[in-house]
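Peer 1: Below is a structure I'd like to ask you about.
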Amino acid sequence: MSELPLQESDYSLRVILIYARSHQIPICPSKQEIEQFYNANPKCFIDTVYLHDVSEDSNSVVRIFDVLGCLENSKSKHVELTRHRSRFLRGMTELLSNPLQRLESSAYKWVIVPED
Numbered sequence: 010m011s012e013l014p015l016q017e018s019d020y021s022l023r024v025i026l027i028y029a030r031s032h033q034i035p036i037c038p039s040k041q042e043i044e045q046f047y048n049a050n051p052k053c054f055i056d057t058v059y060l061h062d063v064s065e066d067s068n069s070v071v072r073i074f075d076v077l078g079c080l081e082n083s084k085s086k087h088v089e090l091t092r093h094r095s096r097f098l099r100g101m102t103e104l105l106s107n108p109l110q111r112l113e114s115s116a117y118k119w120v121i122v123p124e125d
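Using our numbering, the first residue of the sequence shown is number 10, and each one after it goes up by one.
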């Protein structure tokens, strides 16, 4: 992974990776490579959205979630969703904010309140 030309500019780069497979495990760089990449490119943000089927013995939902989680840092978002419309909309809403204006992920928690 190399450095992007964002160091001296006012621009930032935002990537929203939407992964929608429940059986195919992605190949991601190591945690160390990801940390080096984010340190070299502080204005680059990679948000991941994982749309998946219901977790079963026949698929790899948990393993895929863990692999995609390696792309996360304190300024990025890692959103896991089933294919239900309301959860998808909530997850996409979480990604609306500008990454440069977000609180760090550890500073807040989303809670779904059941409807009466």
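Note that CB positions come from ideal geometry on N, CA and C, so glycine has one too.
Give the C-beta separation of His61 and Ser83 to the nearest angstrom, bearing in mind that I take them to be a contact with Cβ-Cβ under 8 angstroms.
Peer 2: No, His61 and Ser83 are not in contact; Cβ-Cβ is about 24 angstroms, not under 8 angstroms.
Peer 1: Going by Cα to Cα distance, which pick from Ser18, Arg111, Pro123, Cys79 is closest to Val58?
Peer 2: Cys79
Peer 1: When you compare only the Cα positions, how much space is there between Ala29 and His93?
Peer 2: 13 angstroms
Peer 1: Please state the DSSP three-state secondary structure of Ile55.
Peer 2: strand
Peer 1: Please report how far the alpha carbon of Met101 lies from the alpha carbon of Val70, in whole angstroms.
Peer 2: Near 20 angstroms, if we compare the C-alpha coordinates of Val70 and Met101.
Peer 1: Quickly, what does DSSP pair Thr91 with across the bridge? List them, please.
Peer 2: His61
Peer 1: Assign Ser18 to buried or exposed, taking buried as 16 or more other Cβ atoms, counted over all protein chains shown, within 10 Å of its Cβ.
Peer 2: exposed
Peer 1: Among Phe54, Asp75, Ser95, Ile73, which one has its Cα closest to the Cα of Arg111?
Peer 2: Nearest of Phe54, Asp75, Ser95, Ile73 to Arg111, Cα basis: Phe54.
Peer 1: Mark Asp56 as exposed unless 16 or more other C-beta atoms lie within 10 angstroms of its C-beta, in which case mark it buried.
Peer 2: buried
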